[in-house]
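One structure below.
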Amino acid sequence: MHKRTLCARSLERLQENLGAVNVELTPQDLQAINAALSQLHVVGDCYPQQLREMTGC
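What follows is the structure, given as structure tokens:
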């Protein structure tokens, strides 16, 4: 699991993001998410190599 930094531009957005901690996904939810993700074709990297090394991404 990747260690991520929680970013928010305002207290309201931070509180909204923290609310995600309380989300519970059922096995059916995860199955639907995985089915949708399996249809995606990802091309390229999210960051150039130098930025990946700096951010740990």
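Counting the sequence shown from 1 gives a position; my numbering is that position plus 17. All C-beta atoms in this analysis are idealised placements derived from N, C-alpha and C, irrespective of residue type, glycine included.
Return helix, strand or coil for residue i, following the three-state DSSP convention.
i, result
"ARG69", "helix"
"ASP62", "coil"
"LEU57", "coil"
"GLU29", "helix"
"VAL38", "helix"
"MET18", "Summary for MET18: the model assigns pLDDT 49, below 50, so the residue's position carries little reliability, and this model does not support an answer."
Relative to the C-alpha of residue i, which candidate in the options has its C-alpha closest?
i, options, result
"SER55", "GLY61, LEU47, ARG26", "LEU47"
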